[in-house]
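Our numbering puts the first residue of the sequence shown at 1, with every later residue one more than the last. The structure appears right after this line, and notes come after that.
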Amino acid sequence: MFSYLCWLMIEICLNYYPWSDHTNFLVLKQDVVNTQPWRIGFQMHVITSSFVLLAGFTQFSRSIRQNLPRLHRYAGWLYIIATLGFALPSGFILAFSANGGLSTQICFVVLGLLWGCSTALALYFAMHKQWLKHRNWMIRSFALALSALSLRTWKLALYELQPYFDWLTPLHIYQLEAWLGWTINLLIAELIIYRLAKKTKSN
Numbered sequence: 001m002f003s004y005l006c007w008l009m010i011e012i013c014l015n016y017y018p019w020s021d022h023t024n025f026l027v028l029k030q031d032v033v034n035t036q037p038w039r040i041g042f043q044m045h046v047i048t049s050s051f052v053l054l055a056g057f058t059q060f061s062r063s064i065r066q067n068l069p070r071l072h073r074y075a076g077w078l079y080i081i082a083t084l085g086f087a088l089p090s091g092f093i094l095a096f097s098a099n100g101g102l103s104t105q106i107c108f109v110v111l112g113l114l115w116g117c118s119t120a121l122a123l124y125f126a127m128h129k130q131w132l133k134h135r136n137w138m139i140r141s142f143a144l145a146l147s148a149l150s151l152r153t154w155k156l157a158l159y160e161l162q163p164y165f166d167w168l169t170p171l172h173i174y175q176l177e178a179w180l181g182w183t184i185n186l187l188i189a190e191l192i193i194y195r196l197a198k199k200t201k202s203n
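Written as structure tokens, this is what we have:
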């Protein structure tokens, strides 16, 4: 699974280099693709999201935490800075012109707010050495970060279902994948946190 996610992330990023206004997703954004704030925001989001995901994966490796604590700490700071400093602000720029209308725009704004808050809380509890709370908020934060990949997985699944549902238009698919991409991740994160808490109590 890890290898697949890494491959998917790299493929998504490489699709946009060299830069072309008529590549993949950008074909649908001809109304804004040449506006400076959106273009800069998009390029920043694609580049920094790669660092977010790579750094985030290392945070959940027990061997790295135990044997390479300095790497864990540096990768954690990379995740925080890349998220709060670059990927999140650029994501907000893109959210307000998202395809799919108001529903999708609200979806990405809510996602951004939750991602920013959970990441900030993960940092806060790490700084105060409250490691269980830090872990829990980091799980939530990374679950939301993974929406960059999971929404594309939902897209593939929904297009497979399209022949069986007449109402499942490309617009509806985009709206559904946007919401499912992070809400299901967050539910899974809460389940993981619950099970970890239960395991801790039993020990």
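Cβ coordinates follow ideal geometry from the N, Cα and C atoms, glycine included. Only a predicted model underlies this, so the values are computations on that prediction, with no experimental measurement involved.
Classification of His134 by the beta-carbon crowding that lies within 10 angstroms, buried from 16 upward: buried
Minimum C-alpha distance to Leu54 - residue among Arg39, Ile80, Trp38 and Gln43: Ile80
Buried or exposed by the 16-neighbour rule on C-beta atoms within 10 Å, applied to Arg70: exposed
Where Ala98 sits in the DSSP three-state scheme: coil
Trp38 - containing alpha helix (DSSP H), residue span: Gln36 to Thr58
At least three beta-carbon pairs within less than 8 Å, the stretch 161-177 to the stretch 117-129: Output reads no: the stretch 117-129 does not touch the stretch 161-177.
Contacts around Thr119, its chain only, beta-carbon distance under 7 Å, and the 5 residues preceding and following it disregarded: Ile80, Thr83, Leu84 and Ser141
Alpha-carbon spacing of Leu114 relative to Gln66, whole angstroms: 29 Å
C-beta contact flag for Cys117 and Trp179 at 8 Å: no
Exposure of Phe96, with buried meaning 16 or more beta-carbon neighbours within 10 Å: exposed
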